[in-house]
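For reference, the structure discussed in these notes is given below.
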Amino acid sequence: MTATGLRWSRPTPRSRRAVRCRSLRARRSRQNPDGLNLFDSHCHLTDIQFAGDLKAVLRRAFVAGVREMLVASQNVPDSQEAIRLCRNQEGMYCSIGVHPHEADRFRSYDVTTLKELCIEPSIKAIGEIGLDFFRGISARSNQEVAFEVQVELARAMELPMILHVRDAAHRARALLDEHGYHAGVMHCFSGDAKMADWAVERGYYISFAGNLTYDGRLAEVARRIPHERLMVETDAPYLAPEPERGERNEPALIVNTVRHLAGVLDLTPRETAELTRDNARRCFRTSD
Numbered sequence: 067m068t069a070t071g072l073r074w075s076r077p078t079p080r081s082r083r084a085v086r087c088r089s090l091r092a093r094r095s096r097q098n099p100d101g102l103n104l105f106d107s108h109c110h111l112t113d114i115q116f117a118g119d120l121k122a123v124l125r126r127a128f129v130a131g132v133r134e135m136l137v138a139s140q141n142v143p144d145s146q147e148a149i150r151l152c153r154n155q156e157g158m159y160c161s162i163g164v165h166p167h168e169a170d171r172f173r174s175y176d177v178t179t180l181k182e183l184c185i186e187p188s189i190k191a192i193g194e195i196g197l198d199f200f201r202g203i204s205a206r207s208n209q210e211v212a213f214e215v216q217v218e219l220a221r222a223m224e225l226p227m228i229l230h231v232r233d234a235a236h237r238a239r240a241l242l243d244e245h246g247y248h249a250g251v252m253h254c255f256s257g258d259a260k261m262a263d264w265a266v267e268r269g270y271y272i273s274f275a276g277n278l279t280y281d282g283r284l285a286e287v288a289r290r291i292p293h294e295r296l297m298v299e300t301d302a303p304y305l306a307p308e309p310e311r312g313e314r315n316e317p318a319l320i321v322n323t324v325r326h327l328a329g330v331l332d333l334t335p336r337e338t339a340e341l342t343r344d345n346a347r348r349c350f351r352t353s354d
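If you're matching positions, the sequence shown starts at 67 in the numbering used here and goes up one per residue.
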C-alpha cells in the first residue's frame with residue numbers, strides 16, 4: 067500500500083478539539099520504533115467520518131507501519147464503494163456483504179449483485195455478515211435470512227466470511243453448524259471462552275479490536291486462543307483503543323492494540339505484528 071496516489075476532497079472544517087486530536091494522532095503515528103509491519107484486518111474507510119481526510123488517514127497508517135488493510139462493507143452500495151476504493155491499490159483489499167443491521171432492507175436481488183461483484187480481484191471475503199440481537203435494529207427473522215443466504219454465497223464463491231456476532235452466539239453457532247461452512251474470522255470478538263473455543267475448533271480466526279485494551283475479560287480469552295488463529299483490527303472509525311478511546315478510530319491506531327496484545331501474550335510487538343499479519347494473509351489468501 068502506498069502512502070499517496072489517491073485523490074480525495076479537501077478536508078471539511080473541524081472543531082479545534084478534533085484538529086488537536088488529529089494532530090496528536092499524527093505525531094504519534096509518525097514513529098514506528100519497533101519496525102512493525104501491520105495488517106488491519108477490518109476497517110470501514112468508506113464511512114462518512116473519513117470523507118474529508120481519507121488521504122491523510124492512509125498516510126498516517128503507512129507511516130505507522132500498516133502495509134495491508136481490509137475494508138469491510140455493510141450493504142450493497144457500501145460494497146461497491148469499497149471496491150472502488152481498493153481497486154488497483156497495493157495492500158488494500160475489501161469484503162462485500164450486508165451487515166445484520168441492514169437486514170430489513172435485504173432483498174433477494176442483492177445476492178445476485180454481490181455475486182456479480184465477486185469477479186473483482188480485491189474482494190477477499192464476504193462480510194461483514196452475521197447476527198446482532200443486542201440493538202435489534204433489524205428483525206431477527208430478517209437477520210437470519212440475510213445471514214444464511216450470504217453463508218451460502220461465501221461457500222459458492224469459496225470465500226471466507228467476516229462474522230459479526232453480538233448477543234446471538236447460540237443462534238449463530240446453530241446456523242453455522244447447520245450450514246456446515248466454517249471459513250473466516252470472528253471479527254471484533256467480544257464473546258466468552260465458550261464461543262472462542264467453538265470458533266477455534268471449527269477453524270475460524272479470532273480478531274480483536276481496540277476494546278481489547280480496556281476490557282480485561284477479553285485478555286483472558288485472547289490467552290486461550292492458539293497464536294496461529296489470532297488477528298487484529300481497528301474496526302475504524304469505531305472502537306478506538308486506549309488512550310484514544312472515545313475518539314474517531316483509524317488504521318494507524320492499530321499499533322496500540324498490537325502492543326497491548328503483545329503484553330497479554332508475553333510477546334514482543336514485532337512478534338505480535340508478524341503473527342497477526344501472517345494469519346490475516348492466510349485467512350484472506352492475499353499472498354497466493
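We put the CB at the ideal spot given by N, CA and C, even for glycine.
These numbers come from a predicted model, not from an experiment.
Around the C-beta of Lys260, are 16 or more other C-beta atoms found within 10 angstroms, so that it is buried, or is it exposed? exposed
Report all residues from its chain with a CB closer than 7 Å to the CB of Val298; omit the five preceding and five following residues, and keep chain order. Ser107, Ser273, Phe274, Ile320, Thr323, Val324, Leu327 and Thr342
Three-state secondary structure assigned by DSSP to Ser95: Confidence is the limiting factor: at Ser95 the pLDDT is only 44, short of 50, which leaves the residue's position unreliable, though a coordinate-based value still follows. Looking at Ser95 - three-state DSSP - the assignment turns out to be helix.
Run through the DSSP bridge pairs and tell me what Val324 is partnered with. DSSP, once it has assigned bridges, lists no residue as partnering Val324.
For Phe274, which three-state DSSP category applies? strand
Please report the straight-line C-alpha distance between Ala130 and His253, rounded to a whole angstrom. 22 Å
Where Glu186 sits in the DSSP three-state scheme: coil
Nearest by alpha-carbon distance to Ala249: which of Leu151, Lys190 and Tyr159 is it? Lys190
Ser89 versus Gly118: straight-line alpha-carbon distance, rounded: Confidence is the limiting factor: at Ser89 the pLDDT is only 49, short of 50, which leaves the residue's position unreliable, though a coordinate-based value still follows. Distance between the alpha carbons of Ser89 and Gly118: 15 Å.
Name, in chain order, the residues that DSSP records as bridge partners for Met223. Met223 is not bridged to any residue.
Which runs of the alpha helix (DSSP H), 4 residues or longer, sit entirely within the stretch 90–170? 120–130 and 142–152
Where Arg336 and Asn98 are concerned, what is the direct C-alpha to C-alpha distance, given to the nearest angstrom? 11 Å
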